[in-house]
Each structure stands twice: as structure tokens, then as C-alpha cells.
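Chemist: For the sequence shown, the numbering used here assigns the number 922 to the initial residue and increments by one for each residue that follows. C-beta atoms are modelled at their ideal positions from N, C-alpha and C, and glycine is treated no differently. Take a look at the following structure, please.
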Amino acid sequence: MEAAAKVQPTEELLNIEVIPRSLDKTTRIDSHLRGETKEEIISCLRRNADIFTWAPQDLEGVNPKVITHHLNIDPRVKPVKQKKRHFRPEKDKVIQAEVDKLMAAGHIEETQFPEWLSNVDLVPKPGGKWRMCIDFRDLKKACPKDFYRLPRIDQLVDCTLAVSC
């Protein structure tokens, strides 16, 4: 089986420093933009630089007073604790670093007696780094199917363009 070709932008992109002299705080815009339009976009990005997150610890989340999410798990389903997977030492270091980063940012917390236990997996990213993923297949099986799924993106675009929905 052949690897899928990496999707590339259709136009050339120009790197913009959202925060000047901060090479790690950049975004890209269409390089064909000219004059006033280009300057307006750059100005808007820089005026609103405080709303972007550049690191996991910058992502504050939503106040639970505004909204709280709960998983709709069928109470008749017995919780599944997946057997712990073992990784090579170099992958263990990557996983531990990612877990430490997420804990420091407050996105995850340690629990002593979990009802559900899902393994992590490492997936290679372009450039040789790793992406940590979590295997939620057992948990997904315990959640009832949503019969009112989100519409397909082409339907949303058609509705936005005032085509009959």
C-alpha cells in the first residue's frame, strides 16, 4: 500500500510574526495578498495576538460555570481497563515528557482508581517526532450512537451560500 501524498497549500504562504521579533509566534498568510488587505490582516493578527495560544499552558479552557461536558456512557456497560502497554525506553521518555507537559498545563490530572483505563500510543509525525494519541475505542463502544450527527461540510457550505438546504 502506497503512502498518501502530503497535502500542500494551493498557494504560496508568507510567514508573519504575530508578535514582532518572536520567531516562535508566527502564522502564515497568502503571499499574493497586496497592499491594504495584507496590512489589515497583519494589523488584525497583531492587535489580537493575546487571543492566540502558543503553548499548552496558554490554553486556559472554559469556565465550568459556563458549560461542563459529561460523557453519555451506558450504565449497563462494564468499564474496561486496558492492559498496560510497554514501550521501548526512548518512547517511554517521549510519553512521560508529554504527560508532564499536559499535567503542568492543568489539562490532565492523576487519578488513583480509574474506572476506565485507556492506553496511549505514539504515532510518527513528519520530521521524525512523535504524536501521542489515546486509544478510546472501548470507551466509544460504551457511548450510545448519536443519530443526529453533524451535517457534512459540503451541506454546511451550501447552506451558508444560501443554496436550498
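Check whether the stretch 998 to 1006 touches the stretch 1025 to 1040, counting contact only when three or more Cβ pairs, one atom from each stretch, lie closer than 8 Å.
Modeler: Contact between the stretch 998 to 1006 and the stretch 1025 to 1040 is present, because at least three Cβ pairs lie under 8 Å.
Chemist: State whether the stretch 1019 to 1034 contacts the stretch 952 to 965, with contact taken as three or more CB pairs (one from each stretch) at a distance under 8 Å.
Modeler: They do not touch, by the three-pair rule.
Chemist: Would you grab the beta carbon distance between Ser952 and Leu935 for me? Rounded to a whole angstrom, and I think it's under 8 Å.
Modeler: About 4 Å separates the two Cβ atoms, so the contact holds.
Chemist: Can you tell me whether Arg949 is helix, strand or coil according to DSSP?
Modeler: Arg949 falls in the strand class under three-state DSSP.
Chemist: Once DSSP output is grouped into helix, strand and coil, what is the label at Arg1058?
Modeler: Of the three classes helix, strand and coil, the one that applies to Arg1058 here is helix, per DSSP.
Chemist: Check the DSSP bridge columns for Asp1079 and list the partner residues they point to.
Modeler: Beta-bridge pairing links Asp1079 to no other residue.
Chemist: Helix, strand or coil for Met922 per DSSP?
Modeler: At Met922 the pLDDT is 48, less than 50, meaning the model places this residue with poor confidence; the figure from the coordinates comes in the next sentence. Coil.
Chemist: Just the Cα atoms here: how many angstroms apart are Lys1062 and Leu992?
Modeler: Spanning the two alpha carbons is a distance of roughly 12 Å.
Chemist: State the start and end residues of the unbroken alpha helix (DSSP H) segment that holds Leu966.
Modeler: Unbroken alpha helix (DSSP H) run through Leu966: 956 to 968.
Chemist: Can you pull the DSSP bridge partners for Lys937?
Modeler: The sequence given here has Ile at residue 937, not Lys. The partner list for Ile937 (beta bridge, DSSP) reads Thr948.
Chemist: For Val1020, which of helix, strand or coil comes out of DSSP?
Modeler: Of the three classes helix, strand and coil, the one that applies to Val1020 here is helix, per DSSP.
Chemist: With distances taken between CB atoms, is the gap from Ile950 to Ala970 smaller than 8 Å?
Modeler: For Ile950 and Ala970, no; Cβs fall outside 8 Å.
Chemist: Am I right that Glu1012 and Leu1043 are in contact with their C-beta atoms under 8 Å? What's the rounded C-beta distance?
Modeler: Checking the displayed sequence, the identity of residue 1012 turns out to be Lys instead of Glu. Contact holds; Cβ gap of about 5 Å.
Chemist: Going by DSSP, which residues form a beta bridge with Lys1002?
Modeler: Leu1038.
Chemist: Taking 8 Å as the threshold (C-beta atoms), are Thr974 and Leu980 in contact?
Modeler: In this structure, Thr974 lies closer than 8 Å to Leu980 by Cβ.
Chemist: Apart from the five residues on each side of it in sequence, which residues of its chain come closer than 6 Å, Cβ to Cβ, to Trp1051?
Modeler: Here the set comprises Val1015, Leu1043.
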